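The block underneath contains the structure these notes are about, expressed in structure tokens.
Number of protein chains: 2
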Amino acid sequence: MTTIAVDAMGGDDAPASVVAGAVLAAQEGYLSLLLVGDEPRLRSELANHPAVPGIRIIHAPSVVAMDESPSFVIRRRRDSSIWRANELVKAGEADAVISAGHTGASMATSFFLLGTLQGVERPAIATILPTLKWAAVLLDVGANVDSKPHHLVQFAIMGHVYAQRMLGMPKPRVGLLSIGEEDTKGNELTKETFKLLKQTQIDFIGNVEGRDVYTGDADVIVCDGFIGNVALKISEGLAEAIMQVLRREITQSLFGRLGFLLLKPAFRRFKRRVDYAEYGGAPLLGINGVSIICHGRSSPKAIKNAIGVARDFVRDDVNRHIRDDIERHVELHLGTAN
Amino acid sequence: MTTIAVDAMGGDDAPASVVAGAVLAAQEGYLSLLLVGDEPRLRSELANHPAVPGIRIIHAPSVVAMDESPSFVIRRRRDSSIWRANELVKAGEADAVISAGHTGASMATSFFLLGTLQGVERPAIATILPTLKWAAVLLDVGANVDSKPHHLVQFAIMGHVYAQRMLGMPKPRVGLLSIGEEDTKGNELTKETFKLLKQTQIDFIGNVEGRDVYTGDADVIVCDGFIGNVALKISEGLAEAIMQVLRREITQSLFGRLGFLLLKPAFRRFKRRVDYAEYGGAPLLGINGVSIICHGRSSPKAIKNAIGVARDFVRDDVNRHIRDDIERHVELHLGTAN
């Protein structure tokens, strides 16, 4: 049975919503969950829910504060829930770790304790975006800045595997996020990366512009973490702003309010389509282990779905496929170099 | 009277929508418009509209094709409408030029023919985004890639002047687009730029994350053109995708359709709020002249509004204010260096 270590203290509503999400996941069965955090608090949180088998508490006395730097966490917070949860994976007591806490600290801890897969220099955070067709994988959305072209090639290979294994896409089309479709458009990083991606065995469809991200024409979209983070956050901010303006406009008249009432089911279906909670957490791809990063504002449902992502990631042995594809890529290029 | 050279052949719907937009602008009076392009075609287009004073046709035999490189345009397309329109500004026969054609060719031609203002190394395209409060200036959205920190400082000073003069903001708050609020967050470019911006006389509020772009907490948001272009295009793509999904959801049931009917005025008001056409074109700031870049899909209304932007830009002598502020900044730093 898959065992997942859950940082129960991380997230805006932790531990309440994390514990609630873990209970939801445990109710579906076939999982062993290790809730890592302050034992008395977790015990009393759990008491608010019906008892389910498969949940165990692992005590960790401290919590990483949002203003603590990742390097401080590595040096001084080895008794924290994030650190302990990652240690369980390193020790082989858990197959995966999930955290909705301090993203930088989660990444740094997983990177430091678990290391990277053979051939991967830098891990990347992969997120799933809803598109007009279905969904696309965007990576990196913030694990790295100032990436080099060969890092982006590694991200492309990892994202390709992730789309195949986790989204069931047999032959994902991989695009490079840039500012024009022609290979001559972009910055130094993308122009160099373009050349390298053409030499891989993945289905590289060329540059993808910002306005094509949500059309669904690319299944995997590769970029540096600075760009990806701005792209992701601006999307979240804009979607929220649009809904807020629309709501304000709608409630300004009686007809508007009546119309809104009639449209409520449609709005709800729509929200579900674009709701990040549906997609759960974002994996830190390339780590020698399974580490899933959740949004700080994760609801219980988002936590449950992130636990599902972790379980599938382990079950489908995504890391073995990443290792294989990276190795094949390296061999191909050592071969042509000689 | 202000004279504006209009590239009548540039844009997806050119010359029809450009001519229609010019006619709308001319109907408001106090303007002299030079429509630059194929004379017979423009003459027959104009015949579709009621005659208005203030419009003159300047013949240009060729049109820049979308797949021609900016350097090709500079070498071989000196008889094109873009080139001729810019030449009119250089010769002092027009005060400003607007084009909805090939953005790269427009920028390159203005840069090549008109040069930059004293102290400005690179021009930047500034666009106006709607926010929850009102509006914000985002720059650069695509004139440059791989910018250096001191370029971003120049963009900040130019964006600050633009917000003051064109949006009537007395003391615009300037933010640096990055991936975390602390000054230690970001990439090499933003970390170095952060330090430089703290030494300017503008109201620098620090890093702004993607999700804060649409809240309206910053009035001017500064970034490299690659980032800004991705941010702008992804916003356009997402807004379109959201409206499309919402429309699809809404028309799926009778209640939905009835509700939609009742909400139509609200949707229309909303669309107006986020419609780029309302804001007209985006100026190429830093050029020694006035050059306004329009969206390729500009409607007649968007063209009319872009002409209005050009007129206000000339009338308020925005370039003089940019020159003054850049000069003051340079003096301040030469002063402290000694």
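Those protein sequence lines, which keep their order, are chains A and B. In terms of the working numbering, the first sequence opens at residue 1095 and continues consecutively. In terms of the working numbering, the second sequence opens at residue 1095 and continues consecutively. In this text, a Cβ means the ideal position worked out from N, Cα and C, and glycines have one as well. No experiment lies behind these values; they were computed from the predicted model shown.
For a Cβ distance threshold of 7 Å, residue set Glu1343 of chain B lies close to Arg1363(A), ordered along the chain. A direct Cα-Cα distance of roughly 12 Å separates Gly1131(B) from Ala1110(B). Closest in C-alpha terms to Leu1129(A), from the list Glu1162(A), Pro1224(A), Arg1170(A) and Ile1192(A), comes Ile1192(A). With respect to chain A, the C-beta atom of Val1255(B) has no partner C-beta closer than 8 Å. At least 8 Å separates the beta-carbon of Leu1211(A) from that of Thr1221(A). Within the stretch 1323-1347 of chain B, the residues whose Cβ lies closer than 8 Å to some Cβ of chain A are Asn1323, Val1324, Ala1325, Leu1326, Lys1327, Ile1328, Ser1329, Glu1330, Gly1331, Leu1332, Ala1333, Glu1334, Ala1335, Ile1336, Gln1338, Val1339, Leu1340, Glu1343, Ile1344, Gln1346 and Ser1347, listed in chain order. Annotated three-state conformation of Ser1174(A) is strand, per DSSP.
When secondary structure is reduced to three states using DSSP, Pro1394(B) falls in the helix class. Runs of the beta strand (DSSP E) lying entirely within the stretch 1159-1203 of chain A and spanning at least 3 residues, in chain order: 1190-1193. Taking C-beta separations shorter than 8 Å and ignoring five residues to either side along the sequence, the partners of Lys1184(B) in its chain run Leu1207, Leu1208 and Gly1383, following chain order. Put simply, the backbone Cα of Glu1181(B) is about 10 Å away from that of Ser1175(B).
Our two residues, Ala1257(A) and Asn1413(A), have alpha carbons roughly 13 Å apart in a direct line. According to the DSSP assignment, Pro1243(A) belongs to the alpha helix (DSSP H) that extends over Pro1243 to Met1260. For the pair of segments examined, the stretch 1313-1327 of chain A was found not to touch the stretch 1337-1355 of chain A: the number of CB pairs separated by less than 8 Å stays below three. DSSP links Gly1213(A) through a beta bridge to no other residue. In the displayed model, Asp1101(A) falls within a strand according to three-state DSSP. Judged by DSSP in its simplified three-state form, Glu1303(A) adopts strand. At a cut-off of 8 Å between beta-carbon atoms, Val1302(A) makes no contact with chain B. Counting C-beta pairs closer than 8 Å gives fewer than three between the stretch 1100-1110 of chain B and the stretch 1401-1418 of chain A, which falls short of the contact rule. For Ile1151(A), the uninterrupted beta strand (DSSP E) run begins and ends at Ile1149 to His1153, by DSSP. Ser1165(A) is classed as exposed because its beta carbon has fewer than 16 other beta carbons within 10 Å across all chains shown.
Put simply, the backbone Cα of Val1167(B) is about 22 Å away from that of Arg1135(B). When the Cα atoms are used, Ile1344(B) and Ala1108(A) turn out to be separated by approximately 36 Å.
According to DSSP, residue pairing for Leu1356(B) in a beta bridge does not occur. For the stretch 1097-1108 of chain B, the set of residues with a beta-carbon nearer than 8 Å to any beta-carbon of chain A is empty.
For Gly1195(B), not one C-beta of chain A is nearer than 8 Å to its own C-beta. Three or more Cβ pairs closer than 8 Å define a contact, and the stretch 1309-1316 of chain A meets that threshold against the stretch 1223-1237 of chain A.
Identification of residues in the stretch 1274-1287 of chain A having a C-beta nearer than 9 Å to some C-beta of chain B yields Gly1274, Glu1276, Thr1278, Lys1279, Gly1280, Asn1281, Glu1282, Leu1283 and Thr1284, given in sequence order.
DSSP places Val1146(B) in no beta strand (DSSP E); its state is neither H nor E.
For Asp1240(B), the neighbours in chain A by C-beta distance under 7 Å run, in chain order, Asn1281 and Glu1282.
Following the DSSP letters along the chain, one finds Ala1218(B) inside the beta strand (DSSP E) bounded by residues Ala1218 to Pro1224. With respect to the 8 Å criterion, Met1201(B) and Leu1378(B) are classified as neighbours on the basis of their beta carbons. Of all alpha-carbon atoms in Gly1304(A), Thr1284(A), Glu1303(A) and Leu1270(A), the one lying nearest the alpha-carbon of Asp1297(A) is that of Leu1270(A). Contact with chain B is found for Thr1309(A), since one of that chain's Cβ atoms lies less than 8 Å from the residue's Cβ. Against chain A, the CB of Ala1376(B) has no partner CB under 8 Å away; the residue lies outside that interface.
The three-state reading of DSSP puts Asp1313(B) in coil, since its state is none of H, G, I, E or B.
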